[in-house]
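Undergrad: So the mapping is simple: my numbering equals the position in the sequence shown, first residue as 1, plus 2. Before I ask anything, let me first share the structure, which is written out below as C-alpha cells.
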Amino acid sequence: MKTCYFCKGKVTEKRIRHVHHWGNDIVVFENVPAEVCQQCGEVYFAPEVLEMMDKATLKKQKPDKTLKVPVFSLP
Ligand SMILES: [Zn+2]
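Below is the structure:
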C-alpha cells in the first residue's frame, strides 16, 4: 500500500506501539510493523501481523514485560 485509503496521503512503513483492546483487557504490542499515513495518521497492519497479535492475545502468551497502567474513573 502506498497511499492512504482515507485521505490519499503518503503511507510509510514504521515500527509502532499498538494498543490492542480485547474485551475489558488492554494488551500493548511494541515493535509492530505497520504502515502509517503521514497525513492523517491512519495505521494499516498486514493480515499476518494482525493474526500474530490475535494469537498472542488468545493464547494468553507470556508477555515480554508488564506495564502498570493508571486507571481513572470519572464521576
Ligand atoms: Zn491518511
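Virtual Cβ for every residue (Gly too), placed ideally from N, Cα, C.
Strictly by DSSP, which residues pair up with Lys10?
TA: For the purposes of this step, residue 10 is taken as residue 8 along the sequence shown, with counting starting at 1. Paired residue(s): none; Lys10 is not in a bridge.
Undergrad: Using 7 Å as the cut-off, classify the Cβ of Glu44 as near or not near the heavy atoms of ligand 1, replying yes or no.
TA: To locate residue 44, count along the sequence shown from 1; it is residue 42. Yes, since a heavy atom of ligand 1 falls inside the 7 Å radius drawn around the Cβ of Glu44.
Undergrad: Return yes when the Cβ of Trp24 is within less than 8 Å of the Cβ of Thr68, no when it is not.
TA: Reading the sequence shown from its first residue, position 66 is the one you call residue 68. Reading the sequence shown from its first residue, position 22 is the one you call residue 24. No; because the gap between Cβ atoms is not below 8 Å, this pair is not in contact.
Undergrad: Measuring CB atoms only, is the stretch 9-28 touching the stretch 38-50, in the sense that at least three cross pairs come out at less than 8 Å?
TA: Enough Cβ pairs lie closer than 8 Å, so yes.
Undergrad: Looking at Ala36: is its Cβ nearer than 8 Å to the Cβ of Lys16?
TA: Translated into positions along the sequence shown, residue 36 becomes position 34. Translated into positions along the sequence shown, residue 16 becomes position 14. Yes. Within cutoff.
Undergrad: What first and last residue would you give for the alpha helix (DSSP H) that runs through Pro49?
TA: As a first step, residue 49 is located in the sequence shown; it is residue number 47 there, counting from the start. 49-60 is the extent of the alpha helix (DSSP H) around Pro49.
Undergrad: At a cut-off of 7 Å, would you count Phe8 as near ligand 1, judging by its Cβ distance to the nearest heavy atom?
TA: One-based indexing of the sequence shown puts residue 8 at position 6. Within the cutoff, so yes.
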